[in-house]
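This note's numbering numbers the first residue of the sequence shown as -11 and each following residue consecutively.
Yeah, the Cβ is synthetic: ideal placement off N, Cα and C, and Gly gets one too.
Just so it is clear, the structure is predicted and the values come from calculations on it, not from any experiment.
The next block holds one structure in the form of structure tokens; read it before the comments.
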Amino acid sequence: MGYELFVSRRYLSALRGRGQTSFTTLIAVTGVTLGVAALVIVLSVFNGFSDLLWQGLLSVNPHVVVQRPYGQAMVLDQDLIAQLEKRPDIAAVAPFIASEGFLLRKPPGGELVQAGVVIRGVDADELVKVTDVVDRLWAGDTLDLGLQASRGRGKVYGMVIGRGLADRMGTLLGAEVMLGLLPKEILVGQQPQWRRYVVTGIYHTGVDELDSALAFVSREAAQRDLGWKNQISGIQLRLDDPFQADVLQTRLVLPDLDVVTWMDEHRNLYASIRMEKWFGFLVLSLIVAVAGFNVISILMMTVAEKKKEIGVLKALGTPPKAMGRIFTYVGLGIGFFGVFLGNAIGFFLCWLQQTFELIRLPGQLYIIQALPVKMYATDFAMISVVAVALCLAFTLFPSRDAASVDPIEALRD
-11 MGYELFVSRR
-1 YLSALRGRGQ
9 TSFTTLIAVT
19 GVTLGVAALV
29 IVLSVFNGFS
39 DLLWQGLLSV
49 NPHVVVQRPY
59 GQAMVLDQDL
69 IAQLEKRPDI
79 AAVAPFIASE
89 GFLLRKPPGG
99 ELVQAGVVIR
109 GVDADELVKV
119 TDVVDRLWAG
129 DTLDLGLQAS
139 RGRGKVYGMV
149 IGRGLADRMG
159 TLLGAEVMLG
169 LLPKEILVGQ
179 QPQWRRYVVT
189 GIYHTGVDEL
199 DSALAFVSRE
209 AAQRDLGWKN
219 QISGIQLRLD
229 DPFQADVLQT
239 RLVLPDLDVV
249 TWMDEHRNLY
259 ASIRMEKWFG
269 FLVLSLIVAV
279 AGFNVISILM
289 MTVAEKKKEI
299 GVLKALGTPP
309 KAMGRIFTYV
319 GLGIGFFGVF
329 LGNAIGFFLC
339 WLQQTFELIR
349 LPGQLYIIQA
359 LPVKMYATDF
369 AMISVVAVAL
379 CLAFTLFPSR
389 DAASVDPIEA
399 LRD
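Shown next, in the form of structure tokens:
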């Protein structure tokens, strides 16, 4: 093994400064370097955007929901809530009410504006524990879902809506809106009962499907509007690590209740993002594969140029397998050098973007100011393994060619 590495290092050193072979070697190393760097940068940017999306989704959504099958109403069970709160893998618990309805608003001197809305009724102090909606407030300083005014027999509660919904409704902080909730079982011709609310906060997650449709009210207000007494839609759970939601789902067994994770709720989106990442990885791996063909060219030219030396080594007793390993090490040396440079360049460029935010994004389209980048050690390891494996695969044919050299014919030539 020692002399095989020694000879392969000598061959690698000889590849520099030898005209066509040197140029081909430079192209091969450059190809591997660019391919690895491109993979590192693209996957890091992809991680940044997907992380931004998950943060937006999970900032106002629970990680896990415990509910009855088909979303039926359930009785508020304090014993069940206490049981869930005692679990070490659950950080916070909050009973909630979910319903759909309509928002109406008539601006002064304007026409009536209406929009469909998904209402989530959660007490403010519990909502703070199971979501990060307070950190996403775009207008308003605190999460105020309590009683704002009392007019006759009607109570006016606070409501927090998304920025997209606020733009559609032309609603500002402090504006009054009318909410009509649809009961689970609605009769033909039945109209929802309209209630007045005050917009006390506007949040912004950057996820349009949330910002333009989801609104928060207190659980007391939602129960009043639906005519519920001690009923809820389910129980929201928050975990320390949202990506462990599926683990909790398998461990948490509750009779007659479903345990639904955020991954279940956004199954198609979650699957498509993972698929797009791997598809991009495969496409960019073709750059490394193309560079691998140059590795074949280099090794084949080296075998042809060093045929007499190969014959001498084999005449001195070098086994064919050892001869093949020498050229395998040469190809791996080119691959390792390209992978090292590619990882270094990719890491440096991603670090520059993370530190100095060189590439800016239009503020009117994104909730962030610069291109998001997030590097994972697993990505670096995976890219390195794939790149080296491709280079190794491309050494097999030249190595076999070197191993099959006839020493008598090589020395005669």
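Check: Considering Cα atoms alone, identify which of Ser372, Gly44 and Phe267 is closest to Val195.; Outcome: Gly44
Check: DSSP three-state call for Gly(-10): helix, strand or coil?; Outcome: helix
Check: Whose CA, out of Ile69, Thr18, Val327 and Asn331, lies closest to the CA of Ile223?; Outcome: Ile69
Check: Have a look at Val(-5), Leu257 and Val20 and flag the residue whose alpha-carbon is nearest the alpha-carbon of Ser372.; Outcome: Val20
Check: From which residue to which residue does the beta strand (DSSP E) around Gly146 run?; Outcome: Gly142 to Gly150
Check: Kindly indicate the opening and closing residues of the beta strand (DSSP E) around Pro95.; Outcome: From DSSP, Pro95 is part of no beta strand (DSSP E); its letter is neither H nor E.
Check: Consult DSSP for Thr188 and reduce its assignment to one of helix, strand or coil.; Outcome: strand
Check: Relative to the alpha-carbon of Val63, which residue among Gln219, Ala375 and Ala377 has its alpha-carbon at the smallest distance?; Outcome: Gln219
Check: Out of curiosity, what's the CA-to-CA distance linking Val276 and Val283?; Outcome: 11 Å
Check: From the DSSP secondary-structure annotation, give me the bridge partner or partners of Asp196.; Outcome: Answer by DSSP bridge pairing: none, since Asp196 is not bridged.
Check: For Arg388, which three-state DSSP category applies?; Outcome: helix
Check: Helix, strand or coil for Thr130, going by three-state DSSP, please let me know.; Outcome: coil
Check: Assign Met311 to one of two classes, buried (16 or more other C-beta atoms within 10 Å of its C-beta) or exposed (fewer than that).; Outcome: buried
Check: Going by alpha carbons, who is nearest to Leu242 out of Arg(-3), Phe34 and Asp67?; Outcome: Asp67
Check: To the nearest angstrom, how far is the alpha carbon of His254 from that of Gly150?; Outcome: 19 Å
Check: What residues match up with Ser138 in a beta bridge as DSSP calls it?; Outcome: Lys143
Check: What would DSSP say about Val248, mapped onto helix, strand or coil?; Outcome: strand
Check: Is it buried or exposed, Asp394, if we count other Cβ atoms within 10 angstroms and call 16 or more buried?; Outcome: exposed
Check: Among Val148, Phe385 and Val28, which one has its Cα closest to the Cα of Val361?; Outcome: Val28
Check: Can you tell me whether DSSP reads Met337 as helix, strand or coil?; Outcome: Looking at the sequence itself, residue 337 is Leu, so the reference to Met does not match. Three-state DSSP puts Leu337 in a helix.
Check: Assess contact between the stretch 152 to 160 and the stretch 92 to 112, defined as three or more Cβ pairs (one per stretch) separated by less than 8 Å. Is contact present?; Outcome: yes
Check: To the nearest angstrom, how far is it from the Cα of Ala233 to the Cα of Ser47?; Outcome: 15 Å
Check: Three or more C-beta pairs under 8 Å: does that hold for the stretch 53 to 60 against the stretch 188 to 202?; Outcome: no
Check: So, at 6 Å on beta carbons, what are the nonlocal neighbours of Ile261 in its own chain, with the 5 sequence-adjacent residues on each side left out?; Outcome: Ser38
Check: Residues in the same chain with beta-carbon distance under 6 Å from Ser387, minus the five sequence neighbours each way, listed in chain order, please.; Outcome: Gly312, Phe315 and Thr316
Check: To the nearest angstrom, report how far apart Ala82 and Asp252 are at their CA atoms.; Outcome: 19 Å
Check: Give the secondary structure of Met363 by DSSP, where H, G and I count as helix, E and B as strand, and everything else as coil.; Outcome: coil
Check: Can you tell me whether Lys295 is buried or exposed? The criterion is at least 16 other CB atoms within 10 Å of its CB, across all chains shown.; Outcome: buried
Check: Confirm, please, whether the CB-CB distance from Val318 to Thr290 is below 8 Å.; Outcome: yes
Check: In or out: Trp266 buried (at least 16 other Cβ within 10 Å) or exposed?; Outcome: exposed
Check: Closest by CA to Gly146, which one among Ala391, Ala210 and Met263?; Outcome: Ala210
Check: Measuring CB to CB, does Gly330 end up less than 8 Å from Ala25?; Outcome: yes
Check: Out of curiosity, what's the CA-to-CA distance linking Arg348 and Val101?; Outcome: 36 Å
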